[in-house]
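Residue numbers (the working numbering), protein chains in the order written: chain A, 1 to 149; chain B, 150 to 298.
Heads up: the structure comes next, in structure tokens.
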DNA sequence: GGCTATTCGGATTATTTCTTCTTAAATACG
DNA sequence: CGTATTTAAGAAGAAATAATCCGAATAGCC
């Protein structure tokens with residue numbers, strides 16, 4: 001993966017939140033996604049401080065997005081998790097690599113960076129939600145004889 | 150960086166080895182490159198087991214490439230360091246992401262992967278050596294009044 | 001209003017992985 | 001055969017990941 005596991009967890013959690021702004025328990029998220037509960041809780045706290053999530057404690061509390069899902073970009077989340085310049089520097093860590101004296105992967109990587117960066121600023125949490133929805137639908141279609149009420 | 154620091158160190162060390170197959174000390178490499186000596190030594194050991202380096206211990210010993218630099222690809226080194234499927238899976242770690250149900254970065258990332266992979270299998274250690282050589286030359290040109298004999 | 005159950009917030013502690021250091025083994029040379 | 005040199009391997013430290021615990025805030029109920 002390109003990013004840290006924590007960033008992956010953050011994105012998966014955000015994509016699993018309900019769209020209607022209902023508060024959602026950290027515990028529910030972790031059990032639903034199969035992620036380590038306490039670790040996820042800490043990640044969610046960080047997202048609150050980054051103003052991506054809002055939290056309320058006490059009964060009926062939990063976490064929700066501060067904005068509609070389509071107003072939160074993937075890039076924003078990555079920046080909050082990994083720091084603003086996560087993709088800087090040479091792919092291979094060569095200090096001598098720069099535009100005038102490029103490493104063999106320099107151009108490929110530059111292209112990659114701008115491509116991924118622009119995709120990240122375009123893609124929103126809403127887009128990620130759709131993956132899960134499609135994924136669930138797909139699973140359902142494969143097994144039409146689901147438990148009846 | 151795309152890869153781990155250890156992989157970066159490995160590539161930098163390989164690129165700094167003499168071309169003529171002379172044995173080179175781990176200590177020399179680390180001091181020349183400014184890398185932590187013991188850690189680099191361990192990395193070099195791993196490269197020996199991957200049949201990229203050969204080592205001899207004792208006086209006049211050291212490390213050297215098992216093949217000419219242009220016969221060792223960057224991809225081979227990365228695979229030895231990071232495992233064969235270092236770039237597999239979704240960029241964001243989404244389990245639900247696949248070709249039929251892609252995440253918003255899926256296509257961009259796929260393009261990236263094939264681009265970087267092919268660059269990696271084409272680029273060799275020899276190419277990396279050239280960066281350093283150019284880099285040194287450049288530094289020299291900027292400061293023509295170097296110490297005279 | 002006060003009590004209680006619920007849920008986040010922060011601190012502390014374990015576990016694993018990554019990095020660095022120390023000691024042991026091997027080789028060449030006198 | 002002994003000693004200096006150099007890698008090899010295992011031990012120690014640092015950082016990331018994951019778990020646990022208790023305190024603080026909120027909502028609902030009596």
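C-beta atoms are modelled at their ideal positions from N, C-alpha and C, and glycine is treated no differently.
Nothing here was measured: the structure is a model prediction, and the numbers come from that model.
Comparing alpha carbon positions, the residue from A:127, A:67 and A:90 closest to residue 111 of chain A is A:90.
Beyond the five residues adjoining it in sequence on each side, residue 4 of chain A comes within less than 8 Å, by CB distance, of 81 and 82 in the same chain, given in chain order. The closest CA to that of residue 222 of chain B, considering only B:210, B:250, B:201 and B:235, is found on B:201.
Annotated three-state conformation of residue 121 of chain A is helix, per DSSP. Interface annotation, residue 11 of chain A: in contact with chain B, CB-CB separation under 7 Å. A direct Cα-to-Cα measurement between residue 220 of chain B and residue 274 of chain B gives close to 8 Å. No Cβ-Cβ contact shorter than 7 Å links residue 257 of chain B with residue 56 of chain A. Here residue 143 of chain A is exposed, its C-beta having fewer than 16 other C-beta atoms within 10 Å.
Inter-residue distance for residue 251 of chain B and residue 47 of chain A is about 25 Å (C-alpha atoms, whole angstroms). For residue 153 of chain B, no alpha helix (DSSP H) segment is defined, and its DSSP state is neither H nor E. In the DSSP assignment, residue 24 of chain A forms a beta bridge with A:63. When the five nearest sequence neighbours on each side are left out, the beta carbons in the same chain lying within less than 8 Å of the beta carbon of residue 175 of chain B are those of 186, 189, 190, 193, 211 and 212, in order along the chain. Between the stretch 276-284 of chain B and the stretch 160-169 of chain B, the count of Cβ pairs shorter than 8 Å is three or higher; the stretches touch. Comparing alpha-carbon positions, the option among A:10, A:66, A:85 and A:22 lying closest to residue 30 of chain A turns out to be A:10. With a threshold of 7 Å between beta carbons, residue 226 of chain B makes no contact with chain A. In the structure shown, residue 77 of chain A adopts helical secondary structure according to DSSP, grouped into three states. Distance between residue 235 of chain B and residue 226 of chain B, taken at the CA atoms: about 12 Å. Not a single C-beta of chain A is nearer than 7 Å to the C-beta of residue 234 of chain B.
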